[in-house]
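**Student:**
Shown next as structure tokens:
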């Protein structure tokens, strides 16, 4: 069972904060075929939406804060951003920004779990979130990389009400029987400087073809296309500015 529309507690949007928005527009068009539209209002700060066809699927923004890393941020839907921010603090996390209104589109907050993994929450008004999920060219999976799996399996169910299920040695997150993400350990990453984070995976029709385009367009393959036992075919990419994302092949989830 897949989540195919914004659902409270589940991923609903993903944003790239980058040092070069114009380069990102070109790169992600070459990789996914996305087209970009920048909000012309000065107060929007250059916020740019990526769309697959007519469906908004992601966004790219300049780096707004000193020290902000070039990275993708996963956003989870909520009915009440203020209440969820309070729940995060009560569970041992913290608020990094907000909650605050975004025009008449919705209300958001940027938060961190107890280990420091950053995510955001979105309370929809005029804008619900991604118009396409779990289809080629859209967000299909999210994965938490953390050094404290025990704390994570306590924190996220307390805050969001997620279910936790084990698939072999891999832990998956879900809502009402629909799994939308998983958890890996930092030890599974190749670099020692990797901090706790959420990683988006975009669904694609061909992992091999998309990975080849990602590399040919200036990205670096951190994980070459590979089949996960009893799971999907995946790859992991670092874009030219340093943001990391995954891809997985639809129809190979196992």
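Numbering (the working numbering), first residue to last: 3 to 256.
Heads up, the beta-carbon is just placed ideally off N, CA and C, and yes, glycines get one too.
This one's a predicted model, so the numbers in the text were calculated from it and none came from an experiment.
(1) I need the boundaries of the beta strand (DSSP E) containing residue 174, first residue and last residue.
(2) Rounding to the nearest angstrom, what Cα-Cα distance links residue 256 and residue 94 in this structure?
(3) Between which two residues does the beta strand (DSSP E) harbouring residue 26 extend?
(4) Measuring CB to CB, does residue 212 end up less than 8 Å from residue 236?
(5) Could you tell me the boundaries of the beta strand (DSSP E) in which residue 49 lies?
(6) Below 6 Å CB to CB, which residues in the same chain sit around residue 167 once its five sequence neighbours on both sides are set aside?
(7) How about residue 124 and residue 80: are their beta carbons less than 8 Å apart?
(8) Tell me whether residue 1 is buried or exposed, calling it buried when 16 or more other Cβ atoms sit within 10 Å of its Cβ.
(9) Based on the DSSP secondary-structure assignment, which residues constitute the bridge partners of residue 103?
(10) Look up residue 208 in the DSSP assignment and say whether it is helix, strand or coil.
(11) What are the residues that DSSP puts in a beta bridge with residue 186?
(12) Which of the three DSSP states, helix, strand or coil, is assigned to residue 241?
(13) Write down the C-beta distance between residue 216 and residue 140 rounded to the nearest angstrom, noting that I regard them as a contact closer than 8 Å.
(14) Using alpha carbons as the reference points, say which of 87, 12, 129 and 157 lies closest to residue 104.
**Tutor:** Checking against the coordinates, here is how it stands:
(1) Residue 174 -> beta strand (DSSP E) spans 172–177.
(2) Reliability fails at residue 256, whose pLDDT of 46 lies under 50, so the model's placement of it is uncertain and no value is given.
(3) Run containing residue 26: none in the beta strand (DSSP E); it sits in the alpha helix (DSSP H), 23–34.
(4) No, these two residues do not count as a Cβ contact at 8 Å.
(5) First-last for residue 49: undefined, no H or E at that position.
(6) A distance below 6 Å between beta-carbons, with the five flanking residues on each side excluded, links residue 167 to the following residues of its chain, in chain order: 174.
(7) Taking 8 Å as the cut-off, the Cβ atoms of residue 124 and residue 80 count as close.
(8) Within the shown structure, residues of the chain are numbered from 3 to 256, placing residue 1 beyond reach of any answer.
(9) In DSSP, residue 103 forms a bridge with 109.
(10) DSSP places residue 208 in coil when its eight states are reduced to three.
(11) Its beta-bridge partners are 147.
(12) Three-state result, residue 241: coil.
(13) At roughly 16 Å, the Cβ-Cβ gap does not stay under 8 Å, so residue 216 and residue 140 are not in contact.
(14) Out of 87, 12, 129 and 157, the CA that lies nearest to the CA of residue 104 is found in 129.
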